[in-house]
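>
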Amino acid sequence: MRILVVEDDAILAEGTCESLSKAGYAVDLAETGTKANAMIEAGHYDMLLLDIGLPGMDGFEVLRRLRKHNSSIPVLIISARDDVNFRIYGLDLGADDFMLKPFVLAELHARTRALLRRHTLSERNTLACGKLVVDLGAQRASVDGEPIELSIREWDVLVYLLRNLGKVVRKEAIIETLCDWKTDISLNAVEVYISRLRSKLDAYGIQIRTVRGFGYLLEEPAP
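Quick note on our numbering: the sequence shown kicks off at 3 and runs consecutively.
(1) Does Glu16 come out as helix, strand or coil in the three-state DSSP assignment?
(2) What separation, rounded to the nearest whole angstrom, lies between the Cα atoms of Ile42 and Ala25?
(3) Along the beta strand (DSSP E) that carries Tyr47, what are the first and last residues, could you check?
(4) Can we say the segment 104-111 touches the segment 126-138, given the rule of at least three CB pairs closer than 8 Å?
(5) Ignoring anything shorter than 4 residues or poking outside the segment 117-180, list the alpha helix (DSSP H) runs there in chain order.
(6) Just mark Leu123 as buried or exposed, buried being the case when its beta carbon has 16 or more other beta carbons within 10 Å.
(7) For the alpha helix (DSSP H) holding Ile90, just list the boundary residues, first then last.
(8) Is Leu117 closer than 8 Å to Leu246 when the C-beta atoms are compared?
(9) Label Val86 either buried or exposed according to how many other C-beta atoms from any shown protein chain fall within 10 Å of its C-beta, with 16 as the threshold for buried.
(10) Span of the alpha helix (DSSP H) holding Phe100?
(11) Taking the alpha-carbon of Glu221 as reference, which of Leu199, Leu163 and Ile187 has the nearest alpha-carbon?
(12) Tell me which residues share the same chain as Arg67 and place their Cβ nearer than 7 Å to its Cβ, disregarding the 5 neighbours each side in the sequence.
(13) For Ala32, which of helix, strand or coil comes out of DSSP?
(14) Using beta-carbon positions only, say whether Val8 and Leu51 come within less than 8 Å of one another.
(15) Taking all protein chains shown into account, do 16 or more other C-beta atoms lie within 10 angstroms of the C-beta of Phe216, making it buried, or fewer, making it exposed?
(16) Kindly indicate which three-state DSSP category Arg214 falls into: helix, strand or coil?
(17) Span of the beta strand (DSSP E) holding Ile5?
(18) By a C-beta neighbour count over all protein chains shown, 10 Å radius and 16 as the cutoff for buried, is Val194 buried or exposed?
(19) Can you pull the DSSP bridge partners for Asp11?
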């Protein structure tokens with residue numbers, strides 16, 4: 003698990019990073035909001051510990067940009083400001099939890115474990131390929147946060163492909179798996195749904211390949 007600590011207080015940042023590292027986490031540090039934003043865009047993090055009173059770009063702006071890009075990684079705000087409206091604003095903006103400075107490291111570790119545990123459970127309800135994210139619970143597909151309109155059958159085919167990401171799937175297997183509409187679908191109909199999905203996903207670099215003689219293959223897009 004990789005955690006990004008965003009904190010401009012050198013002593014607090016050093017103590018927090020050292021404590022989390024000893025607990026087994028991979029930890030990076032950003033001392034400014036601008037640096038944090040760049041590191042988030044360039045890398046993958048499982049959680050953010052975010053101070054608000056940062057030089058330049060403040061923590062709220064970092065959080066706003068993070069959620070704008072449809073990132074669901076857990077964010078724990080850490081601030082010395084004991085103001086209920088301040089906390090409400092941060093939570094409404096997309097933070098998952100709030101801790102007041104000064105804090106006890108044992109509590110920080112407990113809150114970190116809880117947020118990562120909840121996030122891991124919620125991720126089981128999502129499927130992803132590149133910038134494409136499918137929320138199974140909400141029945142919603144989006145690319146870079148922009149929703150994609152899908153028919154019921156297009157949705158079912160896409161979910162099946164995502165669950166078999168990186169594997170070749172046969173047309174017959176798609177029909178057999180989607181048994182609720184197996185009785186009135188043909189191999190040609192599967193081709194139609196694949197064609198429609200391609201028309202909606204190709205522009206985002208997400209391609210469904212035809213593997214001649216075998217079936218279809220959905221792969222992670224090249225970096």
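We put the beta carbon where it would ideally sit given N, CA and C, even for glycine. This one's a predicted model, so the numbers in the text were calculated from it and none came from an experiment.
In short:
(1) helix
(2) 22 Å
(3) Element bounds for Tyr47: n/a, residue is neither H nor E.
(4) no
(5) If only uninterrupted alpha helix (DSSP H) runs of at least 4 residues are considered, those enclosed by the segment 117-180 are 154-165 and 173-179.
(6) exposed
(7) Where Ile90 is concerned, the enclosing alpha helix (DSSP H) stretches over Val86 to Leu95.
(8) Because the chain spans 3 through 225 in this model, residue 246 falls outside it and cannot be assessed.
(9) exposed
(10) Run containing Phe100: none in the alpha helix (DSSP H); it sits in the beta strand (DSSP E), Asp99 to Leu102.
(11) Leu163
(12) Contacts found: Asn39.
(13) strand
(14) Leu51 sits close to Val8, with the two beta carbons spaced by under 8 Å.
(15) exposed
(16) coil
(17) Per DSSP, Ile5 belongs to the beta strand (DSSP E) from Arg4 to Val8.
(18) exposed
(19) DSSP output for Asp11 lists no bridge partner at all.
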